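Peer 1:
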Amino acid sequence: YTKKDSMNSIEYVSNFVKKVLRNYETTALVVDDSKVSRNAFRTDLEKLRINVLEAEDGKEALAIMDNPDNNISLILTDYNMPNMDGVELTIKLRQKYDKDVLSIIALSASEELNILSDFIKEGANDFISKPHKFEELNVRVHSNLDTLELFKQTKDLANKDFLTGSYNRRYFFESSKAILNKNQRKDKEVAVATLDIDLFKNVNDTYGHDVGDVAIQEIAIILDKTLRTSDLVARFGGEEYCILLEDISLEDTKHLFEKIRSNFENNEIKVDDISLKYTVSLGIAYGKSIDINALLKVSDEALYEAKDTGRNKVII
Ligand code: GH3
Ligand code: MG
Ligand code: MG
Ligand code: MG
């Protein structure tokens, strides 16, 4: 890491720490038929605190990639390997993983330099010549991880809401398509919920807009605690959230949203010396449908009924 003149030492240390933490969460896959070569890359990647998995050919590499638990964001691949060479592997990888989620670095001995243009043409991001120097590996790996991070930041800016960090309405509509398609194929029901804070204007009027903002942020926290990471949750506007659930029975849907409603009722938010409580109303649509707008219309009508009949309730 080189220190830029404009950076003070605290910024420098904090950037350094951020990179080390990022590397701890990064898993690289080294694909090479030579054990000696795999070891050489493993040793240096581990010096950078990056987790390393190994594959001795393209087929094994694809199998390791297929397991989402491995969560690989960086592949270093040799060219000459039995069964499937590195360029073929790159072609296969790019059919499934775009450059925003996976960086591919080609490894090549100098006599194979003509191979590099094939690698890049098929979607490799970068190359390192073999035998490698630690400093070259260091800078190329970090520049690739920086690019992946930039992609993630850009996607978050487009998909997430600034106040709460929750997904936004645009992302909800976009992601709901694949979920509804999948459940239509499986002939399964889905649940869509619209959640809205009760009498939220009172919170703003009594405590001010800043405290109101904290109350909205609390929705994200409570939903995060109660729902699965695979559930689609988005802030739709002001103090309104929408949720799309799959693989859930009608009974479990009722229980889950009743629990969420009571979690809000029993929750106390502390902002400085203010302590406040609020309730929410929920409208739920449950059934087989491929049309997100139709589902939202039903959940919205149920929400209005909940508001009309006293608030702090779930209508399904
Ligand atoms: P109801 O129980 O019928 O939902 O009553 P309500 O007062 O919650 O009514 P409504 O949903 O229409 O009010 C939403 C209020 O939320 C109005 C608006 O001032 C406020 N609001 C919208 N976005 C934000 C925000 O980002 N921050 C804060 N603090 N307030 C917001
Ligand atoms: Mg080889
Ligand atoms: Mg409201
Ligand atoms: Mg509202």
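Note that the sequence shown covers residues 109 to 424 in full-length UniProt numbering. All C-beta atoms, glycine included, are put in the ideal place defined by N, C-alpha and C. Computed from a predicted model, the values in this text were never measured in an experiment.
Ends of the beta strand (DSSP E) at SER283?
Peer 2: Working through the sequence shown from its first residue, we reach residue 283 at position 175. Per DSSP, SER283 belongs to no beta strand (DSSP E); it is in the alpha helix (DSSP H), 277-293.
Peer 1: Identify which residue in TYR275, LEU411 and LYS378 has its Cα closest to the Cα of VAL322.
Peer 2: Position 214 of the sequence shown, counting from 1, holds the residue named residue 322. The shortest Cα separation from VAL322 among TYR275, LEU411 and LYS378 belongs to LYS378.
Peer 1: Only counting the same chain, and skipping five residues up and downstream in sequence, which positions put a Cβ closer than 7 Å to that of VAL341?
Peer 2: Counted from its first residue, the sequence shown places residue 341 at position 233. Excluding positions up to five away in sequence, the list reads SER274, TYR275, LEU331, LEU335, TYR349 and ILE351.
Peer 1: What does the alpha-carbon distance come out to for the pair THR135 and ILE183?
Peer 2: Position 27 of the sequence shown holds residue 135. Position 75 of the sequence shown holds residue 183. Going from the Cα of THR135 to the Cα of ILE183 covers about 9 Å.
Peer 1: Label GLU376 either buried or exposed according to how many other C-beta atoms from any shown protein chain fall within 10 Å of its C-beta, with 16 as the threshold for buried.
Peer 2: Along the sequence shown, one-based indexing puts residue 376 at 268. Exposed, because fewer than 16 other Cβ atoms sit within 10 Å of the Cβ of GLU376.
Peer 1: Whose CB is closer than 6 Å to a heavy atom of ligand 4? List the residues in chain order.
Peer 2: Cβ atoms closer than 6 Å to ligand 4 belong to ASP304, GLY346, GLU347 and GLU348.
Peer 1: Starting from the Cα of LYS200, find the closest Cα among GLY231, LYS294, ILE356 and TYR386 and give me that residue.
Peer 2: Start at 1 with the first residue of the sequence shown, and residue 200 comes out as number 92. Out of GLY231, LYS294, ILE356 and TYR386, GLY231 has the C-alpha closest to the C-alpha of LYS200.
Peer 1: Looking at C-beta atoms only, is the number of pairs between the segment 286-301 and the segment 227-244 that lie closer than 8 Å three or more?
Peer 2: Not touching, per the Cβ criterion.
Peer 1: So who's on the other strand from ILE423, going by DSSP bridges?
Peer 2: Working through the sequence shown from its first residue, we reach residue 423 at position 315. DSSP lists GLY391 as partners of ILE423.
Peer 1: Could you tell me whether the segment 154-170 touches the segment 185-201, using the rule of 3 or more Cβ pairs below 8 Å?
Peer 2: Cβ pair count under 8 Å is three or more, so yes.
Peer 1: Can LEU137 and LEU156 be called in contact, C-beta distance under 9 Å?
Peer 2: As a first step, residue 137 is located in the sequence shown; it is residue number 29 there, counting from the start. As a first step, residue 156 is located in the sequence shown; it is residue number 48 there, counting from the start. No, these two residues do not count as a Cβ contact at 9 Å.
Peer 1: Using only the heavy atoms of ligand 3, determine whether one of them is closer than 8 Å to the beta carbon of PHE308.
Peer 2: Counted from its first residue, the sequence shown places residue 308 at position 200. Yes, ligand 3 has a heavy atom inside 8 Å of this Cβ.
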